[in-house]
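Heads up: the sequence lines are chains A and B, in that order. So the number in my numbering is just where the residue sits in the first sequence, counting from 1, plus 105. So the number in my numbering is just where the residue sits in the second sequence, counting from 1, plus 862. C-beta atoms are modelled at their ideal positions from N, C-alpha and C, and glycine is treated no differently. Computed from a predicted model, the values in this text were never measured in an experiment. To keep things clear, I will list the structure first and then write my remarks on it.
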Amino acid sequence: MKAPLIEIKNLDVAYQKKLVLSNVSLSVFEHDFIGIIGPNGGGKTSLIKAILGLLKPVGGSIKHSLQKSEIGYLPQGNQVDESFPITVKEVIASGLEHGLRIKLGTAKSRQHKVHNVLEKVGLEALASRPIGELSGGEFQRTLLARAIISSPSLLVLDEPDTHVDNQFETELYALLKELNESITILLVSHDIGIISPYIKSIACVNRDLYYHASNEISEDQLKVYNCPIEIIAHGPVPHRVIKEHIHK
Amino acid sequence: MDLLHLFKYDFFQHAVLAALLMSITCGIIGTYIVSRRMVFISGGITHASFGGVGLGYYLGFPPLAGAAIVAVLAALTTENLTRRKVLRNDSIIAILWSLGMAIGIIFIYLSPGYAPNLMSYLFGSIITVTSTDLWLMLALSITVTAIFTLLYRPILYVAFDEQFSRIRGIPVMFINYLLIVLVALTIVLSIRIAGIILVLSVLTIPQNITNLFTKRFSHIMIGSVVLGFIGSLLGLILSYYMDIPSGACIIFTLVILYMMARLIKVVNFGR
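And the structure:
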C-alpha cells in the first residue's frame, strides 16, 4: 500500500485554550474522498485548519507527504467579506499566487488558466462581476475555482454546500466526482444526515474521530450483522448505514 | 475674481501641489483602509499621533516628526495586540486613541509659553505647507505608488482573505505590518493639510464616492486619487474666496461631492 498523503496521529487541538479535538488519528490516501461530518462545534473546521497548518496542534503529529502549495482550500463562506471590492476573476487568480513574487509567470498564462477554470465551474459570463453581486451558488463556485486553479493534489472543502440551492449541490458533487479521479478530497459537510453518494468514506468528528471506511458495510455484511429490516429496506430515498459508535 | 491670478502665488502653488500629493497617497491608502474596514483603526492612529505633537512642542523637536514616530508606534502596537488577541481590537484602538490625545494635551500644557500652529495640527492648514513638507509628501507618494504597483496582487489577496493567502505562502505578516506603517505615515503627512480632526474624511469620502460606481479595487484607487484632488482643489479655491479655514472647506466640498454622486446614482441607476 502506498504511503498516506497525510498521516494524523493522536492529534490534540485547542481553540481559544479549549480542547476541541483529542486523540484524533486519520490517514488520508491518494484518491480518497472523505466526508467529515459531526455536530456544530464538534471540531470539524479545527481538524482541517490543523491539516492546513493554520492551527498549531497541542499534541500528536500531522505528517504531510505533500507541499502546502499542493493543497487547494475552500473556506467557509462566512470567513470572507462579500462586500470587498474584488471581481470573480481576481479571486480565482489569487489561487495561483505563491509566496511573495513581484511577477508570477506571464500575464497570459495566468489568464489562460483563469479562463479554463472559469469554464470548468461555468462562470465564464460572470468573470468581471464583483463578488458582492453573486448568488450563493455562484460565490461558492468562485471559491471552488480559486481552490482548484493551482491543480492541487489535495482539495480541502469546508462546507461548500451551505447557502446554495439543490441544483447547484448536484452540479457541485458531479464536478467533485470528476475531480476525484485525479485529486484527493476532504469535505466538511454542514448536514450530518445528508451526504453525497460520491463520498467514499466518512469521518465522524465530535472531539474525537471515528473513521468509517468505504467498504465498511456491504450488503453481504448487513446479512452477517443481522441488520434490522427497516435499514436494509429499499426506499425512495437512497441512504447509507454506517457502524454505530459512541463519542466519549 | 481671476482664478489664474491665484496660481501665480507661491503659497497657492504649494497648496495645489500638496493637495495633489495628498490625493495620491490618501486615494491609494484610503482604498485599502475602506476595503479592509480599518477606518476605526486609522482614527485611533490619527488621534494617538497628537501625543507626538505634544512631545515635539515640549522637547523642542518638530511636532510632525513626533507625530510620525508615535503614529507608527501606535500602528504597530494595534496590529501586534490584535494578532495576539490580547484585547478586543476596538478596545485597543480606543485606549491608544485617548492615551495619545491625553499625552498631547499634558505636554502642550507643560510647554512654556504659547504653542504656535497648534490649531493647524488639529484642523490642518494647506496654505502654510513648507517645501520640506512637500518633499516628504513627494517621497511618500512615490513609495506608496511603487509598493502598490509592485505588490498589488499580494496586497489585494491578503486584504481580501488573509487565511487563504497564508496557505498560499504569501507573507501575510510582512504585508500587514508594511501596510499599517504606510497607513500611519500617510495619516501624519496629511495632518498638515486636513488636520487630526478631519484627516479621516480624505481617506474615506473619495473612496465611498468611487465605490458607488465601481466595485473594483484598482478602479476605486484611481478614482479616489482623481476625486480627492478635484475635491481638495475646489475646497482650496472656495476657502480662499470665502476666507474660511481650508481643511474644513475641503472636507465640506468632499461631502457635497458625495451627495451629488449619490443623487446622480439614484437618478441614473435607480438605487
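Requested in this report: Going by DSSP, name the residue or residues bridged to residue 268 (chain A).
Outcome: What you label residue 268 (chain A) is simply residue 163 of the first sequence in a count that begins at 1. Answer is none; residue 268 (chain A) lacks a bridge partner.
Requested in this report: Grab me the residues of residue 898 (chain B)'s own chain with a C-beta within less than 7 Å of its C-beta, minus the 5 sequence neighbours each way, in chain order.
Outcome: As a first step, residue 898 (chain B) must be located in the second sequence, where it is residue number 36. Correct list, in chain order: 1021.
Query raised in the report: With DSSP run on the structure shown, which of helix, strand or coil describes residue 187 (chain A)?
Result: Locating residue 187 (chain A) in the first sequence gives position 82, where the first residue counts as 1. In the structure shown, residue 187 (chain A) sits in coil (DSSP, three-state: anything other than H, G, I, E or B).
Query raised in the report: If contact means a Cβ-Cβ distance below 8 Å, which residues of the segment 177-196 of chain A contact chain B?
Result: 178, 180, 184, 185, 186, 189, 190, 191, 192, 195, 196
Requested in this report: Going by CA-CA distance only, name the one from A:111, A:262, A:228 that's closest to residue 247 (chain A).
Outcome: Here residue 247 (chain A) refers to the residue found at position 142 of the first sequence. Cα-wise, what sits closest to residue 247 (chain A) is A:228.
Requested in this report: Leaving out five residues on either side along the sequence, give the residues of the same chain with a beta carbon under 8 Å from the beta carbon of residue 160 (chain A).
Outcome: Here residue 160 (chain A) is taken as the residue at index 55 of the first sequence, counted from 1. Here the set comprises 118, 120, 151, 154.
Requested in this report: Taking C-beta pairs closer than 9 Å, name the residues in chain A that residue 1033 (chain B) reaches, listed in chain order.
Outcome: As a first step, residue 1033 (chain B) must be located in the second sequence, where it is residue number 171. Near residue 1033 (chain B) (Cβ distances below 9 Å), the residues of chain A are 204, 205.
Query raised in the report: Using CA coordinates, which residue listed in B:953, B:890, B:925 is at the minimum distance from residue 1057 (chain B)?
Result: Residue mapping note: residue 1057 (chain B) aligns to position 195 of the second sequence, counting from 1. Taking only the C-alpha atoms, the option nearest residue 1057 (chain B) is B:925.
Query raised in the report: At least one CB of chain A closer than 7 Å to the CB of residue 966 (chain B): is that the case?
Result: For the purposes of this step, residue 966 (chain B) is identified with residue 104 of the second sequence, where counting begins at 1. Judged by the 7 Å Cβ criterion, residue 966 (chain B) is not in contact with chain A.
Query raised in the report: Per DSSP, residue 289 (chain A) is paired with what?
Result: As a position in the first sequence, residue 289 (chain A) is number 184, starting the count at 1. DSSP output for residue 289 (chain A) lists A:259 as bridge partner(s).
Requested in this report: Go ahead and label residue 941 (chain B) buried or exposed: buried means 16 or more other beta carbons lie within 10 angstroms of its beta carbon, across all protein chains shown.
Outcome: Taking the second sequence and counting its residues from 1, one reaches residue 941 (chain B) at position 79. Burial call: buried.
Report task. Determine the closest residue to residue 1009 (chain B) out of A:146, A:206, A:256, with distance taken between C-alpha atoms. Result -> Walking along the second sequence from the start, residue 1009 (chain B) turns up at place 147. Out of A:146, A:206, A:256, A:206 has the C-alpha closest to the C-alpha of residue 1009 (chain B).
Report task. Using 10 angstroms around the beta-carbon of residue 350 (chain A), count the other beta-carbons present and answer buried if the total reaches 16, otherwise exposed. Result -> Taking the first residue of the first sequence as 1, we reach residue 350 (chain A) at position 245. The residue is exposed, with fewer than 16 neighbouring Cβ atoms inside 10 Å.
Query raised in the report: Taking Cβ positions only, does residue 897 (chain B) come closer than 7 Å to chain A?
Result: Translated into positions along the second sequence, residue 897 (chain B) becomes position 35. By this cut-off, residue 897 (chain B) is an interface position.
Query raised in the report: Between which two residues does the beta strand (DSSP E) carrying residue 130 (chain A) extend?
Result: Taking the first residue of the first sequence as 1, we reach residue 130 (chain A) at position 25. Start and end: 123-133.
Query - Three CB pairs or more closer than 8 Å across the segment 1091-1106 of chain B and the segment 1029-1049 of chain B - result: no
**Report entry** Close beta carbons around residue 331 (chain A), own chain, < 8 Å, minus the five adjacent residues each side
**Finding:** Numbered from its first residue, the first sequence carries residue 331 (chain A) at position 226. The pLDDT assigned to residue 331 (chain A) is 45, lower than 50, so where the model puts this residue is not dependable, and the model offers no usable value.
Report task. Starting from the Cα of residue 1059 (chain B), find the closest Cα among B:872, B:871, B:900, B:911 and give me that residue. Result -> What you label residue 1059 (chain B) is simply residue 197 of the second sequence in a count that begins at 1. Residue B:911 is the option with its Cα nearest to residue 1059 (chain B).
Query raised in the report: Mind checking whether residue 131 (chain A) and residue 170 (chain A) have CB atoms under 7 Å apart?
Result: Taking the first residue of the first sequence as 1, we reach residue 131 (chain A) at position 26. Taking the first residue of the first sequence as 1, we reach residue 170 (chain A) at position 65. Result no, Cβ atoms of residue 131 (chain A) and residue 170 (chain A) do not sit closer than 7 Å.
Query raised in the report: Between residue 882 (chain B) and the rest of its own chain, which residues show a CB-CB distance below 8 Å, the 5 nearest in sequence each way excluded?
Result: Start at 1 with the first residue of the second sequence, and residue 882 (chain B) comes out as number 20. Answer for residue 882 (chain B): 1091, listed in chain order.
Report task. Name, please, each residue of chain A whose Cβ falls closer than 7 Å to the Cβ of residue 1079 (chain B). Result -> Residue mapping note: residue 1079 (chain B) aligns to position 217 of the second sequence, counting from 1. Under the 7 Å cutoff, chain A gives 190, 191.
**Report entry** residue 116 (chain A) - partner residues in DSSP beta bridges
**Finding:** Along the first sequence, one-based indexing puts residue 116 (chain A) at 11. Residue 116 (chain A) is bridged to A:129.
Report task. Mind checking which residues open and close the beta strand (DSSP E) that includes residue 165 (chain A)? Result -> Translated into positions along the first sequence, residue 165 (chain A) becomes position 60. It spans 164-169 - the beta strand (DSSP E) in which residue 165 (chain A) sits, taken as one unbroken run.
Query raised in the report: Between which two residues does the beta strand (DSSP E) carrying residue 306 (chain A) extend?
Result: As a position in the first sequence, residue 306 (chain A) is number 201, starting the count at 1. It spans 306-311 - the beta strand (DSSP E) in which residue 306 (chain A) sits, taken as one unbroken run.
Requested in this report: Compare the C-beta of residue 1075 (chain B) with all C-beta atoms of chain A and state if any pair is closer than 7 Å.
Outcome: Against the second sequence, residue 1075 (chain B) aligns to sequence position 213. No, because no Cβ of chain A sits closer than 7 Å to the Cβ of residue 1075 (chain B).
Report task. Could you confirm whether any beta carbon from chain A is found closer than 7 Å to the beta carbon of residue 1024 (chain B)? Result -> One-based indexing of the second sequence puts residue 1024 (chain B) at position 162. Residue 1024 (chain B) does not count as touching chain A.
**Report entry** Contacts of residue 1019 (chain B) in chain A (Cβ-Cβ under 7 Å)
**Finding:** Numbered from its first residue, the second sequence carries residue 1019 (chain B) at position 157. Those within 7 Å of residue 1019 (chain B) in chain A are 199, 202.
Query raised in the report: Within the chosen definition, does the segment 188-202 of chain A reach the segment 280-292 of chain A through at least 3 CB pairs nearer than 8 Å?
Result: no
Query raised in the report: With burial defined as no fewer than 16 other Cβ atoms inside 10 Å of the residue's Cβ, what is the status of residue 254 (chain A): buried or exposed?
Result: Here residue 254 (chain A) refers to the residue found at position 149 of the first sequence. Under this definition residue 254 (chain A) is a buried residue.
**Report entry** Neighbouring residues, chain A, relative to residue 1016 (chain B) (Cβ below 7 Å)
**Finding:** For the purposes of this step, residue 1016 (chain B) is taken as residue 154 along the second sequence, with counting starting at 1. Simply 202, 205.
Query raised in the report: Shortest alpha-carbon distance to residue 148 (chain A) belongs to which of A:309, A:173, A:198, A:348?
Result: For the purposes of this step, residue 148 (chain A) is identified with residue 43 of the first sequence, where counting begins at 1. Here the closest residue by C-alpha is A:309.
Report task. Have a look at residue 1120 (chain B) and residue 1071 (chain B) and give me their C-alpha separation to the nearest angstrom. Result -> To locate residue 1120 (chain B), count along the second sequence from 1; it is residue 258. To locate residue 1071 (chain B), count along the second sequence from 1; it is residue 209. Near 5 Å, if we compare the C-alpha coordinates of residue 1071 (chain B) and residue 1120 (chain B).
Query raised in the report: Should residue 235 (chain A) be flagged as near chain B, meaning a C-beta pair shorter than 7 Å?
Result: Mapped onto the first sequence, residue 235 (chain A) falls at position 130. Closer than 7 Å: yes.
Requested in this report: Please state whether DSSP places residue 867 (chain B) in a helix, a strand or coil.
Outcome: In the second sequence, counting from the first residue as 1, residue 867 (chain B) sits at position 5. Looking at residue 867 (chain B) - three-state DSSP - the assignment turns out to be helix.
Query - the ligand ATP heavy atom lying under 6 Å from the CB of residue 118 (chain A) - result: Looking for the ligand ATP in the displayed structure turns up nothing, as the structure carries no ligands at all.
Requested in this report: Tell me, please, whether the CB atom of residue 157 (chain A) is closer than 7 Å to any CB atom in chain B?
Outcome: Here the question's residue 157 (chain A) lines up with position 52 in the first sequence. Yes, residue 157 (chain A) lies at the interface with chain B (some Cβ there is under 7 Å from its Cβ).
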